[in-house]
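For the sequence shown, this note's numbering assigns the number 18 to the initial residue and increments by one for each residue that follows. Backbone N, C-alpha and C define an ideal beta-carbon position, used for all residues, glycine too. A short worksheet on the structure shown next.
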Amino acid sequence: MAENAKTAVIIVAAGRGMRAGGAEPKQWRQIGGRSLLSRTVEAFAGVGRIVVVLHPDDMARGLAAFAGRVTLVAGGATRAQSVRNALESLDPSRIDRVLIHDGARPFVSAALIENVLGALDTKPAAAPALAVTDALWTGAEGRVTGIRPRDGLFRAQTPQGFRFAEILAAHRAFPGDAADDVEVALAAGLDVAIVEGEEENIKITWPGDFDRAERKVGLGMDVRTGNGFDVHAFKAGDHVMLCGVRVPHTQALLGHSDADVGMHALSDAIYGALAEGDIGRHFPPSDPQWKGAASEIFLAHAAELARSKGYRLSNADVTLICERPKIGPHAIDMAGELARITGVEPDRISVKATTSERLGFTGREEGIAALACVTLVKP
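So this is what it looks like as structure tokens:
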């Protein structure tokens with residue numbers, strides 16, 4: 018969007034936002050590591066001159082956050098007064114259009130801003146809104162008391178755009194406070210065009226809105242990945258344990274426990290995603306109690322550790338590397354066993370096999386290697 022030197026943006030953030038909860042005004046609370054207000058300001062970068070209206074107690078904080086990038090104006094006792102203070106700070110000879118936006122709407126899109134500005138080419142005022150589609154009730158004391166028709170009703174959004182001279186005159190003439198600047202414009206007889214709003218252009222009002230905002234920026238969810246690799250040599254025997262399944266073979270696998278190479282790799286992948294080391298940290302091979310232990314113990318411990326930290330296993334992929342035994346006939350059973358132990362659905366576990374084309378120790382059938390990758394998610 019090309020910046021227009023004669024366009025100004027007023028971002029109103031002088032309220033205290035007590036309904037949102039928290040220990041500080043909502044505009045200063047963090048969303049994905051950045052304040053709500055900084056995200057809102059960024060949305061208008063390049064549109065025009067930006068004026069941010071703050072509570073007088075927040076001016077020092079505003080200077081630290083936005084010095085050199087925006088003009089700061091102290092707000093008044095009401096929203097209407099705060100907007101008027103910002104309008105009065107602008108030079109009418111240099112500004113012909115103004116957008117007035119709630120500081121608590123950080124997800125306004127460039128397209129919506131452009132559409133509002135475009136509507137001002139033919140109208141003195143324009144504002145985004147969404148038609149009401151839900152049924153409307155009146156209520157009292159937890160009961161529905163009546164029904165209201167929804168025809169012709171809209172949910173108002175911002176930015177609301179105006180030709181500067183008209184909205185300045187409207188605010189100067191308006192007594193008291195107003196819900197928004199469209200109310201002020203209508204009182205002055207201005208024709209306000211409706212621009213289609215956006216569902217994503219939410220206003221942060223209640224505590225749960227911050228959770229919704231965190232999910233939107235993709236940082237409310239903690240996603241971790243880990244990988245594990247393990248190798249066990251063959252020894253004399255008549256079967257191998259792979260991913261919890263007893264597979265007949267002409268040899269067995271050598272190890273301190275039952276040498277389930279696939280389960281060891283998967284356990285290490287989970288520990289790695291949690292930054293919790295490997296099996297050896299939790300089950301030291303120097304401890305005789307783990308001699309010959311079933312590897313299910315290790316995997317179950319890793320899965321439970323993930324759950325205790327608030328993570329769920331989103332998916333796991335285990336690759337067994339060997340010439341023999343053939344894994345294909347057992348892969349589904351192996352995935353099912355790993356799913357049972359980790360407590361997830363079978364379709365979240367993949368077990369597959371490959372050879373090393375007769376190269377290396379696996380190609381010489383001296384042992385089996387396994388590689389595992391996992392994704393852990395904390396909502």
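Chain-order list of residues whose beta-carbon lies under 7 angstroms from that of residue i (same chain, five-residue window excluded)
i	result
F378	G384
T359	L316, A320, L330
G254	Q268, A269
R263	H256
I366	A333, A352, L355, A356
C-alpha distance - residue i paired with residue j, whole-angstrom precision
i	j	result
P302	H273	7 angstroms
H347	V368	9 angstroms
I221	M258	54 angstroms
A311	R341	22 angstroms
I27	G49	24 angstroms
E158	W223	21 angstroms
V100	N332	51 angstroms
D75	D304	60 angstroms
F61	I164	39 angstroms
V70	A356	55 angstroms
A37	R46	10 angstroms
R160	L153	13 angstroms
K343	R51	52 angstroms
L104	H72	16 angstroms
A387	G279	5 angstroms
T95	V234	31 angstroms
P265	E293	34 angstroms
Distance CB(residue i)-CB(residue j) smaller than 9 angstroms
i	j	result
C390	L337	no
T155	L393	no
A182	P109	yes
F281	F227	In the sequence on display, residue 281 carries His and not Phe. Their beta carbons are not under 9 angstroms apart, which means H281 does not touch F227 by this criterion.
A81	T57	no
V212	A136	yes
H299	A317	no
A22	R111	yes
S284	G245	yes
H249	A230	no
A25	G65	yes
V201	H188	yes
A77	G193	no
Three-state class that DSSP yields for residue i in the structure shown
i	result
D151	coil
I338	strand
Q268	strand
R33	coil
E213	strand
D109	Checking the displayed sequence, the identity of residue 109 turns out to be Pro instead of Asp. Coil.
V90	strand
N244	strand
D28	According to the sequence shown, residue 28 is Ile rather than Asp. Note: I28 maps to strand in three-state DSSP.
V64	coil
K233	helix
I344	coil
A292	coil
S312	coil
Residues near residue i by beta carbon distance below 8 angstroms, same chain, minus five either side
i	result
A323	I287, A290, L291, R329, L330, L393
V149	R167, L170, F171, R172
G225	none
I130	M18, A60, F61, V64, L116, P176
Chain-order list of residues whose beta-carbon lies under 6 angstroms from that of residue i (same chain, five-residue window excluded)
i	result
K395	D239, G327, Y328
R464	Residue coverage of the chain in this structure runs from 18 to 396, which leaves residue 464 outside it and unanswerable.
A370	L337, I344
H118	I28, T175, P176
L16	With the chain represented from 18 up to 396, any question about residue 16 goes unanswered, as that position is not in the structure.
D295	D285, Y288
Whole-number beta carbon distance between residue j and residue i, since they are thought to touch under 8 angstroms
i	j	result
G178	A143	5 angstroms
R180	D138	Wrong, their Cβ atoms sit about 10 angstroms apart, outside the cutoff.
V115	V90	Not a contact, Cβ separation roughly 13 angstroms.
I219	F124	6 angstroms
A186	A205	7 angstroms
Residue i at chain B interface by Cβ criterion, 9 angstroms
i	result
L330	Looking for chain B here will not work: only one protein chain is present.
heavy atom of the ligand MG below 8 angstroms from residue i C-beta
i	result
A84	Inclusion of the ligand MG in the displayed structure is not the case, the ligand content being empty and no account of it being possible.
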